[in-house]
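Notes follow once the structure below has been shown.
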Amino acid sequence: MEVSVGEIYRISGPLVVAERLKARMYDLCKVGEENLMGEVVGLAGDKVLIQVYEDTSGVRPGEKVVNTGLPLSVDLGPGLIGNIYDGVQRPLPSLKEISGDFISRGIEAPGIDKKKKWEFQPLIKKGDEVKAGQIIGKVQETEVVEHRILVPPNVKGGKVKEVYSGSFTVDETIAVLEDGTELRMAHKWPVRIPRPYIEKLPPVVPLLTGQRILDTFFPIAKGGTAAIPGPFGSGKTVTQHQLAKWSDARIVVYIGCGERGNEMTEVLEEFPELIDPRTGKPLMLRTVLVANTSNMPVAARDASVYTGITIAEYFRDMGYDVALQADSTSRWAEAMRELSGRLEEMPGEEGYPAYLASRLAEFYERAGRVKTLSGEIGSVSVVGAVSPPGGDFSEPVTQNTLRIVKAFWGLDAKLAGRRHFPAINWLISYSLYTGTLGEWYEKNVAPEWNELRTWAMSVLQEEATLQEIVMLVGSDALPESQRVLLLVARIIRDFYLSQYAYHEIDSYCDIRKQYDMLKAIKTVNDWFYKALEAGKTYEEIEKVEGFDEFMRSKLEADYKTAMTKAMEKMKKSLGV
Amino acid sequence: MEEYKTITQVAGPLIFVEKTKPVAYGELVNVVLPDGSVRKGQVLDTSKNIVVVQMFEGTRGIDKSCSVRFTGDIVKLNCSKDLLGRILSGSGEPIDGGPAIIPEERIPIVGAAINPYARKYPREFIQTGISAIDGMNTLVRGQKLPIFSGSGLPHNDIALQIARQAKVRGQAEEFAVVFAAMGITYEEAYQFMKEFERTGALERAVVFLNLAKDPAIERIITPRMALTAAEYLAYTYDYHVLVILTDMTNYCEALREISAAREEVPGRRGYPGYMYTDLATIYERAGRIRGRKGTITQFPILTMPADDITHPIPDLTGYITEGQIVLSRELHAKGIYPPINVLPSLSRLMKEGIGAGMTRDDHKQWNDQMYAAYAEGVDLRGLVAIVGEEALSERDRLFLKFADEFERRFVNQGKYEDRDIETTLDLGWELLSMLPERELTKIERKYIEKYHPAYKKKTQGA
Chain Z
635 MEVSVGEIYR
645 ISGPLVVAER
655 LKARMYDLCK
665 VGEENLMGEV
675 VGLAGDKVLI
685 QVYEDTSGVR
695 PGEKVVNTGL
705 PLSVDLGPGL
715 IGNIYDGVQR
725 PLPSLKEISG
735 DFISRGIEAP
745 GIDKKKKWEF
755 QPLIKKGDEV
765 KAGQIIGKVQ
775 ETEVVEHRIL
785 VPPNVKGGKV
795 KEVYSGSFTV
805 DETIAVLEDG
815 TELRMAHKWP
825 VRIPRPYIEK
835 LPPVVPLLTG
845 QRILDTFFPI
855 AKGGTAAIPG
865 PFGSGKTVTQ
875 HQLAKWSDAR
885 IVVYIGCGER
895 GNEMTEVLEE
905 FPELIDPRTG
915 KPLMLRTVLV
925 ANTSNMPVAA
935 RDASVYTGIT
945 IAEYFRDMGY
955 DVALQADSTS
965 RWAEAMRELS
975 GRLEEMPGEE
985 GYPAYLASRL
995 AEFYERAGRV
1005 KTLSGEIGSV
1015 SVVGAVSPPG
1025 GDFSEPVTQN
1035 TLRIVKAFWG
1045 LDAKLAGRRH
1055 FPAINWLISY
1065 SLYTGTLGEW
1075 YEKNVAPEWN
1085 ELRTWAMSVL
1095 QEEATLQEIV
1105 MLVGSDALPE
1115 SQRVLLLVAR
1125 IIRDFYLSQY
1135 AYHEIDSYCD
1145 IRKQYDMLKA
1155 IKTVNDWFYK
1165 ALEAGKTYEE
1175 IEKVEGFDEF
1185 MRSKLEADYK
1195 TAMTKAMEKM
1205 KKSLGV
Chain V
96 MEEYKTITQV
106 AGPLIFVEKT
116 KPVAYGELVN
126 VVLPDGSVRK
136 GQVLDTSKNI
146 VVVQMFEGTR
156 GIDKSCSVRF
166 TGDIVKLNCS
176 KDLLGRILSG
186 SGEPIDGGPA
196 IIPEERIPIV
206 GAAINPYARK
216 YPREFIQTGI
226 SAIDGMNTLV
236 RGQKLPIFSG
246 SGLPHNDIAL
256 QIARQAKVRG
266 QAEEFAVVFA
276 AMGITYEEAY
286 QFMKEFERTG
296 ALERAVVFLN
306 LAKDPAIERI
316 ITPRMALTAA
326 EYLAYTYDYH
336 VLVILTDMTN
346 YCEALREISA
356 AREEVPGRRG
366 YPGYMYTDLA
376 TIYERAGRIR
386 GRKGTITQFP
396 ILTMPADDIT
406 HPIPDLTGYI
416 TEGQIVLSRE
426 LHAKGIYPPI
436 NVLPSLSRLM
446 KEGIGAGMTR
456 DDHKQWNDQM
466 YAAYAEGVDL
476 RGLVAIVGEE
486 ALSERDRLFL
496 KFADEFERRF
506 VNQGKYEDRD
516 IETTLDLGWE
526 LLSMLPEREL
536 TKIERKYIEK
546 YHPAYKKKTQ
556 GA
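Residue numbers (my numbering), protein chains in the order written: chain Z, 635 to 1210; chain V, 96 to 557.
Pasting the structure below:
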C-alpha cells in the first residue's frame, strides 16, 4: 500500500484522530511535524484513530499524519542479544546517544545495528532447495549464542542461485534464489502476528529454574505458561529476575512493562556480572531486554508485550528454548484500559475493555513447544507477573489470566511480611504440569521423586489443618506425633521452601541438590518418628543436636558434607 | 496572542471553547474574567471544533463572555539557583513577598522520562537516625519511599525528622530540600515552615504551597513544578535533593475531579483508569543518572482513607514506589513514636545499600532475623487473645516478649533522637539475645560470634 498523508483533527493524550487519511487497522503512522510514532487502532467514518507511542504535548490539529502503510514490526537478526529496547524496539543506548539522559520525541533508531559486520557461515550451497523458515547459515552472535539465520517465514523459498560467506552487515545479501529473491541476515516481522510453525508439541520437559518451590512443587514446562500474581512488595519482580537469571533456557527475553526504571537498571547492571551456571559466561550474553517503564508513553507499553514475544518466537524458530518474563501484565492491561477509555469504547468489568480476556489469551497462546518450520524443536515459555489492585485475586486481570495459564504461583503478603521468600503460598498455588512432567523427573532425577514430592506436600497440607487447631488450643494440647509433624513442616518451610535470592550459594539450587535436600528431610522425619516410638519426648526431639547445622547446611558451597555431618549428629543424639 | 470569546460550556473545572485556530495539546491558557483578573488553565483535549481547558484556579465567576487567550506555550517553571530559600504558590508564583524569579532557564513541567539505560542504580545509604527505617527499611539516595499514613498520625513529624537528620555518612555534599504542599492545612504548613526556619533549612529549600484553601485543580501541577525545580537543582547544580510531597491523597482527589468533569469511564472508586500512569510520571522522577552528581530522593506522604492500604491511592503508589513506610494507629495509640509498623513496610532498594562498607556486614541477616522474630511474636499475640499467655510454650513466650520489647525499645525513639546505624544494629542484637541462640536460624555463625552480646562480653572479658 502506498504512503498516504492526512491531517490531525483531534488530540486527546495518547489518542490522535486524523482525517483525510487512507489507513488499515494497525498501520504504522508518523504523527505531526515531529514524526511521532503511532498505530491505527480504529476507523470511524472518515476519521482514523491512532494511538501514539510518544508524548503528544504541543501537537496541534492540522499538522500532518503520514501513514507508512506497514504494520508495527520488529527487526530480527544478529544484534538482538544483550540489547535493551523500549516498547517499539528502539535501542535505549541509541536513544541516549541521540537525545541524552532523557528520552525526547520523534527519534528513530533501528532495532539492530545496521553497520556492524557479522561473520556469516552458510549451511547451504548453490543448487539446494530452501523453504520458508529454514536455517541457511549461522553467526556466532555472542560467546554462548549461535544465531541461526532463517529464510523469513513469509518468503516462499526455492532453489539457491548464489550463496556467499564472509563478513556482512545485516542488510547485505547473503544468498539469492532462482526467482531473484535476495536473502539477508535480518528480516522484519509484524509484532501482532504470531510467527508460524509446523505443529505444537506436548510440554514434557520442565523449565528448570533453580528455585526449589517452583521446580519441586509447582513446575513449569518448557513451552508452558505461568502467572505470578501478588500484591506489591510480595516479590513478583524478584521472582521474575530469579527466573531470568537461572532458568535453563538458551535465550531469555525480559519485558519490563510499565514498571520501575530502577528495576531495569538493576538488570542492566547485574546481568553482565552474573555468571550462568551452565555456560560459565555472563547472563547478559543470552538476554534481550524490553523496557517500557511506567513513566514512558502508555501506548508503547501495549506494544512492548508484542515486541517481546515476537523476538522470543524468532529465537524459538532457530530451535532454542526461550523463556519470556513479562513484568507486569497488569500494566499492559491498564494500558489497554486507558486507550479503550480514550476511544470511548463500552467498558467491561472494572473499566477494562471487553476484549481484555481475548487479548490475554492470544498472548499466552503464543507460548508453546513446537516443531519449527525448519524441523527443529524450540519453545517459548511465558511467565507473566500480575499486580492485582489491593492484592485481590478476584479482579479481572488475574481471573482472566488464570483461565489460560497452567501454572499459578500465588504470592502472599503475609509470607513476605515475615520475610519468607520466595513468598509463594504453597497452599493456593498449583501447576497442571506436574502430571505430564512426572515421568521426566523420575527418569532424570530419581525414581522416588514424585513420591517424595507428594509426601512433602501432604505434610504442608496437614500442617495447615493442624495450625487451625493450634490457634484455638495452643500447640501443647496436640499429641506428640502431631507436634513432630509440625516440626517437620517447619523444616520443609524454613530449610526447603525458603530460598535467599541474594545469597551467592542459595540463589540457585540445582535439581540434584533439591533432591538431596528433600531426601534428607524425609530421612530426618523418619528418625524423628522412630525416636518417638522408642520413647523420646517431643521436647527431646525438638532440641536434637545438629539441628541448627542442618538448617544452615544449604548455604554451604559443599552442602553435601555439611548436611551429612549435621545428620550424623542428629542421628546420634536421637539414638536411632 | 489570539483571543476568543467562544466559551460554549463550563463544567466543573473545565471550559469548552469553540472555533479556535489550531491549539496545541497541553498548551497554557489565560482566561480573562469580566473584572480583569486572569486565570490559568491547560488544554486537555484539542480538535478542530472544540478545545477543552482545565482551569487550575477553578471556574467560579467564569461566564461565556470571558475571553480566552492561548499562549502558544506549554506550562513551564522559571528555574534558577535563586529558587533556593523561596516560597512559591502551587503554580510557581512567589508568595513570600520577594522579587520575581529571574529565570536562568524556563523548563516544561512535564518532565521527559529518564532513559532507563542512563540511570544508575541507587546504593548509597542515607542515615535517617530512625531505627525502624535505617535498620529495617533502609533508605538509599535516589529512592522514592512514601509514607503511608492515616489522618491524625504524626507523618509530618517523621518527614521533618528525616529532613533534619538525613545524611550520607562521610560525605559533606550540598543538599537541598524541595517541599510541595498539596491541599494541607495552614497549620500543617506552618509547622513545616517554622521548623525549616528554626533549623536554617529554609535557605536550602524551595517551598511550593497549595493549601487547603487554594484551588484544588492547581494541585495537578504543584508536584510537577516541585520536581522540575528539583531536577534543575540536581542536574544543573549537582545538589542532592530531598523532595517531600504532601499529601498525595489530595492530588489524587483533584485528578478524580477532573476525570469526573470530563465524564470519563471511572476505574476503581471513581478514580480515573490512567491514575497509575499519571502517578508514575511523578514518582519516577526520582533517581540517579550516570555521570551526573546530583540525585533526587522522594518522600511522598499520603493519608490512607480509613487506614485502608488497599485503597487505590496507596495501592497504585506502592506499585510504583520502591517500598513504603507504613504507620500504624495501634502503635500510635500505644504511645510509640514513630509509629512505624515494620511488617507491611518495605524498602526495595535496601539490599544494595547495606552490608559491609555501607552499613555493617551483619545487617542483611540481622534484618531477616529481626523481621522473622517480630512477625512470629505478633502472630502469637493473636493466640494469646484466645488461649491466654499461660497456654504458650516457653519458646513462644520469649517471642512474645521480643515483639513487645521491639516496639517499646527499638521502634520507639525521641523526635530529636538521632541514632547512628551502629546504635540501631547493636540495639537489635540486644533484643535478639533475649531469644535462645538456636532460634537465630537466619544469621550465620560468624556474625553471631562477632555481634551477639553473649560473645561480645566474652571477647571483651578476655
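Idealized CB from N, CA, C, for every residue including glycine. Predicted model, so just to flag it, every value in this text is computed and none were measured.
Notebook entry, point to check: Along the chain, which unbroken stretches of the beta strand (DSSP E) at least 3 residues long are found entirely within the stretch 806 to 835 of chain Z?
Noted result: Contiguous beta strand (DSSP E) elements confined to the stretch 806 to 835 of chain Z occur at 807 to 811, 816 to 818, 821 to 824, 833 to 835, taking only those with 3 or more residues.
Next item on the list: Name the two residues that bound the continuous beta strand (DSSP E) containing V:E97.
Entry: Within the second sequence, the letter at position 2 stands for residue 97 of chain V. It is not in any beta strand (DSSP E) - V:E97 carries neither H nor E in the DSSP assignment.
Checklist line | Within the stretch 835 to 917 of chain Z, ranges of the alpha helix (DSSP H) (whole runs, at least 4 residues) | finding: Taking 4 residues as the minimum length, the alpha helix (DSSP H) runs contained wholly in the stretch 835 to 917 of chain Z are 870 to 880, 895 to 904, in order along the chain.
Next item on the list: Would you kindly work out how many angstroms separate the C-alpha atoms of V:N144 and V:R363, rounded to a whole number?
Entry: In the second sequence, residue 144 of chain V corresponds to position 49, counting from 1. In the second sequence, residue 363 of chain V corresponds to position 268, counting from 1. About 32 Å.
Next item on the list: Pick out whichever of Z:E904, Z:K1005, Z:R1003 has its Cα sitting closest to the Cα of V:E447.
Entry: The sequence position of residue 447 of chain V within the second sequence is 352, counting from 1. Looking at the Cα atoms, Z:E904 is the closest of the given residues.
Next item on the list: Starting from V:H427, follow its DSSP beta bridges and name the residues at the other end.
Entry: For the purposes of this step, residue 427 of chain V is taken as residue 332 along the second sequence, with counting starting at 1. Partner(s): none; V:H427 has no beta bridge.
Next item on the list: Compare the C-beta of V:I396 against all C-beta atoms of chain Z and say whether one is closer than 8 Å.
Entry: The sequence position of residue 396 of chain V within the second sequence is 301, counting from 1. Cβ-Cβ to chain Z under 8 Å: no for V:I396.
Note to self: When you compare the CB of Z:M1151 with every CB in chain V, is at least one pair closer than 8 Å?
What the structure shows: By 1-based counting over the first sequence, the position of residue 1151 of chain Z is 517. Closer than 8 Å: no.
Checklist line | Test item: CB-CB of Z:S1008 and Z:Q755 under 8 Å | finding: Here residue 1008 of chain Z is taken as the residue at index 374 of the first sequence, counted from 1. Here residue 755 of chain Z is taken as the residue at index 121 of the first sequence, counted from 1. Cβ distance not < 8 Å, so Z:S1008 and Z:Q755 don't count as in contact.
Next item on the list: Please determine, among Z:K793, Z:L714, Z:D720, the residue with the shortest C-alpha to C-alpha distance to Z:E780.
Entry: Taking the first residue of the first sequence as 1, we reach residue 780 of chain Z at position 146. Comparing Cα positions, the closest option is Z:L714.
Notebook entry, point to check: By Cβ distance, which residues of its chain are closer than 8 Å to V:L83, with the 5 residues on each side in sequence left out?
Noted result: Chain V is shown only over 96 to 557; residue 83 of chain V falls outside these bounds and no answer can be derived.
Checklist line | Where the alpha helix (DSSP H) containing V:I110 begins and where it ends | finding: To locate residue 110 of chain V, count along the second sequence from 1; it is residue 15. The continuous stretches of alpha helix (DSSP H) do not include V:I110, which lies in the beta strand (DSSP E) extending over residues 109 to 113.
Item checked: Completely contained beta strand (DSSP E) runs for the stretch 955 to 1018 of chain Z, where each covers 3 or more residues -> 955 to 961, 1002 to 1005
Next item on the list: Tell me the start and end of each unbroken alpha helix (DSSP H) in the stretch 479 to 535 of chain V that is at least 4 residues and wholly inside, in chain order.
Entry: As far as the stretch 479 to 535 of chain V is concerned, its whole alpha helix (DSSP H) runs of at least 4 residues are 489 to 500, 516 to 527.
Check: Of all Cβ atoms in chain Z, is any one closer than 8 Å to the Cβ of V:I212?
Finding: The residue labelled residue 212 of chain V in the question sits at position 117 within the second sequence. Reading the sequence as shown, one finds Tyr at residue 212 of chain V and not Ile. Residue-level contact check: V:Y212 touches chain Z, since one or more beta carbons of chain Z fall below 8 Å from its beta carbon.
Margin query: Once the 5 residues before and after V:G556 are set aside, which same chain residues still bring their CB inside 8 Å of it?
Written below: As a working note, residue 556 of chain V is residue 461 in the second sequence. Residue placement at V:G556 cannot be trusted, given a pLDDT of 48 that sits under 50; the coordinates are not used to answer.
Next item on the list: Determine the DSSP secondary structure at V:A52, reduced to helix, strand or coil.
Entry: The question about residue 52 of chain V has no answer here: the residues shown for chain V are numbered 96 through 557.
Next item on the list: Compare the Cα-Cα distances from V:V133 to each of V:M150, V:D140, V:L139 and report the closest residue.
Entry: Here residue 133 of chain V refers to the residue found at position 38 when the second sequence is read from its first residue. Measuring from the Cα of V:V133, the nearest candidate turns out to be V:M150.
Item checked: Interface residues of chain Z facing V:S162 [CB-CB closer than 7 Å] -> On the second sequence, position 67 is the one that residue 162 of chain V refers to. Within chain Z, no residue comes near V:S162; the closest Cβ sits about 20 Å away, beyond 7 Å.
Check: DSSP on V:M150, reduced to helix/strand/coil?
Finding: The residue labelled residue 150 of chain V in the question sits at position 55 within the second sequence. In this structure, V:M150 counts as strand in the three-state DSSP scheme.
Check: Z:I737 CB to nearest chain V CB: under 8 Å?
Finding: Here residue 737 of chain Z refers to the residue found at position 103 when the first sequence is read from its first residue. Yes, contact with chain V.
Check: Can you tell me whether DSSP reads V:L240 as helix, strand or coil?
Finding: For this step, residue 240 of chain V is matched to residue 145 along the second sequence. DSSP places V:L240 in coil when its eight states are reduced to three.
Next item on the list: Could you please give the first and the last residue of the uninterrupted alpha helix (DSSP H) stretch that includes Z:R1124?
Entry: As a working mapping, residue 1124 of chain Z is identified with position 490 in the first sequence. Here the alpha helix (DSSP H) through Z:R1124 covers 1114 to 1125.
Notebook entry, point to check: Quick one: which chain Z residues come within Cβ less than 9 Å of V:A117?
Noted result: As a position in the second sequence, residue 117 of chain V is number 22, starting the count at 1. Strictly speaking, residue 117 of chain V in this sequence is Pro, with Ala absent from that position. Within chain Z, the residues near V:P117 are I642, R694, P695, G696, E697.
Checklist line | Stretch pair the stretch 1047 to 1063 of chain Z + the stretch 1002 to 1019 of chain Z: three plus CB contacts closer than 8 Å | finding: no
Checklist line | Cβ separation of Z:A766 and Z:V699, assumed to be a contact under 8 Å, to the nearest whole Å | finding: The residue you call residue 766 of chain Z lines up with position 132 of the first sequence. The residue you call residue 699 of chain Z lines up with position 65 of the first sequence. So it is not a contact: roughly 34 Å between Cβ atoms.
Notebook entry, point to check: Are the Cβ atoms of Z:R971 and Z:T927 separated by less than 8 Å?
Noted result: Reading the first sequence from its first residue, position 337 is the one you call residue 971 of chain Z. Reading the first sequence from its first residue, position 293 is the one you call residue 927 of chain Z. No.
Next item on the list: Please name the residues in the stretch 1097 to 1112 of chain Z whose beta-carbon is closer than 9 Å to at least one beta-carbon of chain V, in chain order.
Entry: Cβ proximity to chain V below 9 Å picks out V1104, M1105, L1106, V1107, G1108, S1109, D1110, A1111 from the stretch 1097 to 1112 of chain Z.
Item checked: Residues that Z:R1000 contacts on chain V, provided the C-beta gap is smaller than 7 Å -> Here residue 1000 of chain Z is taken as the residue at index 366 of the first sequence, counted from 1. Residues of chain V with a Cβ closer than 7 Å to the Cβ of Z:R1000 do not exist, since the nearest Cβ in that chain sits about 25 Å away.
Item checked: CA-to-CA distance, V:R164 to V:Y99, given in whole angstroms -> Indexing the second sequence from 1 puts residue 99 of chain V at position 4. Indexing the second sequence from 1 puts residue 164 of chain V at position 69. Approximately 7 Å, taken between the alpha carbons.
Check: What are the start and end residues of the alpha helix (DSSP H) that includes V:H335?
Finding: The count along the second sequence starts at 1 and reaches residue 335 of chain V at position 240. Looking at the DSSP string, V:H335 is not in any alpha helix (DSSP H); the run it does join, the beta strand (DSSP E), is 335 to 341.
Notebook entry, point to check: Is it the case that the Cβ atoms of Z:Y1149 and Z:V1039 are separated by a distance below 8 Å?
Noted result: To locate residue 1149 of chain Z, count along the first sequence from 1; it is residue 515. To locate residue 1039 of chain Z, count along the first sequence from 1; it is residue 405. No, the Cβ-Cβ distance between Z:Y1149 and Z:V1039 is not below 8 Å.
Margin query: Using CA atoms only, rank isn't needed, just tell me which of Z:S962, Z:N1084, Z:P830, Z:L726 is closest to Z:D951.
Written below: Position 317 of the first sequence, counting from 1, holds the residue named residue 951 of chain Z. For the residues Z:S962, Z:N1084, Z:P830, Z:L726, the minimum Cα distance to Z:D951 belongs to Z:P830.
Notebook entry, point to check: Given Z:L1066, which residues of its chain have a CB within under 8 Å of its CB, disregarding the five upstream and five downstream residues?
Noted result: Taking the first sequence and counting its residues from 1, one reaches residue 1066 of chain Z at position 432. Cβ within range, chain order: K1040, A1041.
Notebook entry, point to check: Can V:V112 and V:S162 be called in contact, C-beta distance under 8 Å?
Noted result: Working through the second sequence from its first residue, we reach residue 112 of chain V at position 17. Working through the second sequence from its first residue, we reach residue 162 of chain V at position 67. Not closer than 8 Å, so no.
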